[in-house]
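**Q**
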DNA sequence: TAGAGACTATCTATCGATAGATAGGGGTTG
DNA sequence: CAACCCCTATCTATCGATAGATAGTCTCTA
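Chains as they are written, first to last, in this note's numbering: chain F, 129 to 316; chain R, 129 to 316.
1. Looking at C-alpha atoms only, which residue of 300/R, 227/R, 269/R is the closest neighbour of residue 288/F?
2. Just checking: is the beta-carbon of residue 223/R within a distance shorter than 9 Å of some beta-carbon in chain F?
3. So is residue 257/F in contact with chain R if we call contact Cβ pairs under 9 Å?
4. List in chain order: all unbroken alpha helix (DSSP H) runs of 4+ residues lying wholly within the stretch 179 to 252 of chain R.
5. Please say whether residue 181/R and residue 154/R have beta carbons closer to each other than 9 Å?
6. Does DSSP put residue 283/F in a helix, a strand or coil?
7. Find the residues of chain R that neighbour residue 289/F, judging by a C-beta separation of less than 8 Å, and give them in chain order.
8. Where do the ends of the alpha helix (DSSP H) carrying residue 157/R lie?
9. What's the gap between the Cα of residue 145/R and the Cα of residue 257/R?
10. In chain R, what lies closer than 7 Å to residue 299/F by C-beta?
11. With a cut-off of 9 Å, does the C-beta of residue 227/R fall near any C-beta of chain F?
12. Can you pull the chain F neighbours of residue 192/R, defined as C-beta to C-beta under 9 Å?
13. When the Cα atoms are used, what is the spatial distance from residue 295/F to residue 233/F?
14. By DSSP, does residue 133/R sit in helix, in strand, or in coil?
15. Among 284/F, 222/F, 264/F, 270/F, whose alpha-carbon lies nearest the alpha-carbon of residue 300/F?
16. Mind listing the chain R neighbours of residue 249/F? Cutoff is C-beta to C-beta under 7 Å, in chain order.
17. Just to confirm before moving on: does the CB-CB distance between residue 148/F and residue 236/F stay below 9 Å?
18. My output table needs one value for residue 272/F: the three-state DSSP class, helix, strand or coil.
19. Put residue 267/F into one of helix, strand or coil per three-state DSSP.
20. Against chain R, does residue 186/F count as a neighbour if the rule is that its beta carbon must be under 9 Å from one of theirs?
21. If you drop the 5 nearest sequence neighbours on each side, which residues of the same chain put their C-beta closer than 7 Å to that of residue 163/R?
22. Give the interface partners of residue 152/F over in chain R, defined as CB-CB distance under 7 Å, in chain order.
23. I want to verify the contact list: residues of chain R whose CB lies under 7 Å from the CB of residue 239/F, in sequence order.
24. Could you check whether the Cβ of residue 288/R sits closer than 8 Å to any heavy atom belonging to the ligand HEM?
25. Express the C-alpha separation of residue 175/F and residue 160/F in angstroms, rounding to a whole number.
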């Protein structure tokens, strides 16, 4: 197996592992076994656990940012944006009851190397900024600060809905919570 | 040191440890060192890590349930209830940037013994049920199902707000998110 | 009431398993 | 040949857990 393949396999396997078991439970041996190489080979591509973790988080955020940018490119109203947005987090639950990787990492904050922490914060920034832009489509006259505060609240609420739905292994919990958030007026 | 003291110290230290570092990072040695005994003594009081974890979660939920019952006993409207409710989660953040223990545990779901998982689910049930009762004070005519859905949404939103505020080590993020949730009408 | 026996709570020492990490060798390929 | 990639082998540190011993306390009984 050539290097780019191995490297990508490592990232893919490690991402799933973090999403389902957390950063602390991410081990070089498990990743290696799942990829089909030895743990020393994983160290070849990612010298330390922090290097692997930060690249994982960076790639995760980058992919999310790219997807959100695409969605924003389509002309649509805020409600349509939100439907797509909550769909991303829903998909993680449907896919083997996983969580947003940065949500998991946030819960383990004190265990993370600083470089990983920074990426987690960037993920939040990217999401909140995007949500602010999406809200702007509907209510361009609302002051920026107020819109950003609401964007922050939506991001937090969606992460929370995912968290508790996962704790019950029941995507219906997510749907119910998101539905109520929309009914109440938090999410367009 | 007599046994009840040691046992309580273990629970107290372990709770803080889980709240700040997660279940995976909870170790008998660290707990023992912090309490001032040997790890074997911790095993004397809690034979397995699962036993310690489930008792931690059980006690945590029990304390929360008792506090919430007290609050509900006081005559007040839903808004007053919510102020106290969000204050509980705020206090954890202020207190060394900790998180709701069951929120942390929810994120690590797949790493938890079944007995601990069950306690995490009970915490959610207790919270949602209480929130439903609190909402009932303001809107007794709203159908039960709808009220419970909103209660679920509030619980999820508050947990989420705490999660992302903690990831930034900034309680102001929590305040801003909660404020926007109230402004938007999700939280009374 | 004195002593035997059991219980409590802790200790020291150690177990096998696993963690992340490293040194150095070997094969493949451009 | 040189760079790249993966390997074997190993290291130190730590994990949860257990064995066996001990000092102190409690209880029951002769």
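For every residue, glycine included, the Cβ atom is placed at its ideal position computed from N, Cα and C. Remember, predicted model here, so these are calculated numbers, not experimental data.
**A** Considering the structure as presented:
1. 227/R
2. no
3. no
4. 206 to 222, 229 to 235
5. Yes, the Cβ-Cβ distance between residue 154/R and residue 181/R is below 9 Å.
6. helix
7. 281, 284, 285, 288
8. 156 to 163
9. 28 Å
10. Per Cβ cutoff of 7 Å: no residues; residue 299/F is ~13 Å from chain R at best.
11. yes
12. Result: empty, since nearest Cβ-Cβ is about 15 Å, beyond 9 Å.
13. Straight-line spacing of the CA atoms in residue 295/F and residue 233/F works out to 16 Å.
14. In the three-state reduction of the DSSP assignment, residue 133/R falls in the helix class.
15. 222/F
16. 295, 296
17. no
18. helix
19. coil
20. no
21. 134, 137, 138, 141
22. 150, 152, 153
23. Neighbours of residue 239/F on chain R, chain order: 149, 150, 153.
24. Because no ligand of any kind appears in the structure shown, any question about the ligand HEM cannot be addressed here.
25. 14 Å
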